[in-house]
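The block underneath contains the structure these notes are about, expressed in structure tokens.
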Amino acid sequence: MEGQTPGGGGLSEKPVPTASGPGLSSLGAVFILLKSALGAGLLNFPWAFHKAGGVAPAFLVELISLVFLISGLVVLGYAASVSGQATYQGVVGGLCGPAIGKLCEACFIINLLMISVAFLRVVGDQLEKLWDFILPSTPPVPQPWYTDQRFTLTLLCVLVILPLSAPREIGFQKYTSILGTLAACYLALVIVAQYYLRPQDLAREPRLESSPSSWTSVFSVFPTICFGFQCHEAAVSIYCSMRHQSLGHWALVSVLSLLACCLVYSLTGVYGFLTFGTDVSADILMSYPGSDGVVIVARVLFAVSIVTAYPIVLFLGRSVMQDFWRRGCGGACGLRALAEPTGPWVRMPLTVLWVTATLAMALFLPDLSEIIGIIGGISSFFIFIFPGLCLICAVSVEPIGPRVKCCLEAWGVVSVLVGAFIFGQSTVAAVMELL
Numbered sequence: 117m118e119g120q121t122p123g124g125g126g127l128s129e130k131p132v133p134t135a136s137g138p139g140l141s142s143l144g145a146v147f148i149l150l151k152s153a154l155g156a157g158l159l160n161f162p163w164a165f166h167k168a169g170g171v172a173p174a175f176l177v178e179l180i181s182l183v184f185l186i187s188g189l190v191v192l193g194y195a196a197s198v199s200g201q202a203t204y205q206g207v208v209g210g211l212c213g214p215a216i217g218k219l220c221e222a223c224f225i226i227n228l229l230m231i232s233v234a235f236l237r238v239v240g241d242q243l244e245k246l247w248d249f250i251l252p253s254t255p256p257v258p259q260p261w262y263t264d265q266r267f268t269l270t271l272l273c274v275l276v277i278l279p280l281s282a283p284r285e286i287g288f289q290k291y292t293s294i295l296g297t298l299a300a301c302y303l304a305l306v307i308v309a310q311y312y313l314r315p316q317d318l319a320r321e322p323r324l325e326s327s328p329s330s331w332t333s334v335f336s337v338f339p340t341i342c343f344g345f346q347c348h349e350a351a352v353s354i355y356c357s358m359r360h361q362s363l364g365h366w367a368l369v370s371v372l373s374l375l376a377c378c379l380v381y382s383l384t385g386v387y388g389f390l391t392f393g394t395d396v397s398a399d400i401l402m403s404y405p406g407s408d409g410v411v412i413v414a415r416v417l418f419a420v421s422i423v424t425a426y427p428i429v430l431f432l433g434r435s436v437m438q439d440f441w442r443r444g445c446g447g448a449c450g451l452r453a454l455a456e457p458t459g460p461w462v463r464m465p466l467t468v469l470w471v472t473a474t475l476a477m478a479l480f481l482p483d484l485s486e487i488i489g490i491i492g493g494i495s496s497f498f499i500f501i502f503p504g505l506c507l508i509c510a511v512s513v514e515p516i517g518p519r520v521k522c523c524l525e526a527w528g529v530v531s532v533l534v535g536a537f538i539f540g541q542s543t544v545a546a547v548m549e550l551l
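Structure (structure tokens):
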């Protein structure tokens, strides 16, 4: 699709804004994209396999979703090259019009905010279990004050998460993303090893389902997949930060990242479900005994994985708030330091505001495990609907052959329809569970 002349039958590319630094390498882009997807959804995949009715139907849905996931990433790279925008919301607004762009911004903020809150809740739960292992106590004797989640999570946000979230460019996250990716891989290996080694506490035979209970239960896997593969929101920013921005190069990065991610998710889902069967918990780590040292290490490393994923989500949410600032306050400010939203005088207060708001919600809101379906439903906009709309609008302004244009438009319509179905089904199911 690259290297075509304007009158040819392929897709043409245009330069997009690049990062001010030296540029992101291909390996760095793979790790950031991979780490963006390897988040809290990893803990829910064994439970999703149970809800789908077994390994075969869940794995089939995952493979079908993988086609749309890779397609969405490639389309977003192409849309960024056509629109000349450097952010997800900028690409959608530039190609689909200001109304769809504002809808994208609203969905973007809500989705990323809820993901950040979910990340902090997962980290807080792991810290709580870690303190129970280090300082076991009987019910009449309370835990020390410094083990309280409100203190430990606040301290973690101030000392670790806030400094990791301060840099201006997303390329800095390639170093922490390598560590986070290795931590997520360790969790998958622990789950596989525990299945074959069968410790004393896991010696019983699990009860496995041979078929789904209903056709709707198969579709219950989609919200978990959408929640798990949280990388499309970062796709445009990563693409525009790359040193080599050809569409074919970006397609290779997308395929390698999602195949590696799919492997980790599949191993976790299959072996976690085979280990516990229908008794698997929504958080796979909660199904293992709290005194197992290997599982304790997995808890710590997975908390590290989530901590390194949080700054990427914050970077994306902050970019939307910076766009708001640029349109609303940037031109009215007399000071040059306040007119540029990427400068430290605007960037740092927005970062502190995001961390403070998500920390307060994580500490005082009830358990968020029930609204994973809602988060997954909103994520379907960024994986299916918005990429499909961008593809339809992009090919309508590009000089390409009629057959190629017809095929791409048809694929865009299919993506929009599939995304709308997933959003409706998962949101209704999640609301019914809450009620």
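Numbering (my numbering), first residue to last: 117 to 551.
For each residue, glycine too, the CB sits at the ideal point set by N, CA and C.
Asked, Found
"For the alpha helix (DSSP H) that contains Asn227, what are its first and last residues?", "Pro214 to Ile250"
"Could you work out which residue in Lys245, Cys378 and Ile277 is closest to Ala304 when comparing CA atoms only?", "Cys378"
"Taking DSSP as the reference, what is the three-state secondary structure of Leu140?", "strand"
"Would you mind sorting Phe343 into buried or exposed? The rule is 16 or more other CB atoms within 10 Å of its CB.", "buried"
"Would you say the region 195-208 touches the region 407-415, given that touching needs at least three Cβ pairs under 8 Å?", "no"
"Determine the direct distance from the alpha carbon of Cys220 to that of Arg463, and round the result to whole angstroms.", "22 Å"
"In chain order, what residues of the same chain have a beta carbon less than 6 Å from the beta carbon of Ser373, not counting five sequence neighbours either side?", "Val146, Leu149 and Leu150"
"On the three-pair Cβ rule with 8 Å, is the region 361-368 touching the region 212-232?", "no"
"CB-CB under 8 Å to Gly123, same chain, minus the five flanking residues each way: which ones, in chain order?", "For Gly123, the pLDDT reaches just 42, beneath the cut-off of 50, and the residue's location in the model is therefore unreliable, leaving the point undetermined."
"Sort out for me which residues DSSP pairs Met358 with in a bridge.", "Leu140"
"Taking the C-alpha atoms as reference points, what is the distance between Leu189 and Leu251?", "45 Å"
"Have a look at Ser136 and Gly433 and give me their C-alpha separation to the nearest angstrom.", "At Ser136 the pLDDT is 48, less than 50, meaning the model places this residue with poor confidence; the figure from the coordinates comes in the next sentence. Each residue's alpha carbon lies about 20 Å from the other."
"When you compare only the Cα positions, how much space is there between Ser128 and Val520?", "With a pLDDT of 49 at Ser128, under the threshold of 50, the modelled position of that residue is not reliable, and no figure is offered here."
"Look up Ser435 in the DSSP assignment and say whether it is helix, strand or coil.", "helix"
"Under DSSP, the alpha helix (DSSP H) around Ile341 begins and ends at which residues?", "Val337 to Gly344"
"Look up Tyr426 in the DSSP assignment and say whether it is helix, strand or coil.", "helix"
"Whose C-beta lies closer than 7 Å to the C-beta of Ile186 among residues of the same chain, with five residues either side of it excluded?", "Ser370, Val371 and Leu374"
"Is there contact between the region 496-514 and the region 528-538, where contact requires at least three CB pairs shorter than 8 Å?", "yes"
"Would the region 400-407 and the region 150-163 be scored as touching if the rule is three or more Cβ pairs under 8 Å?", "yes"
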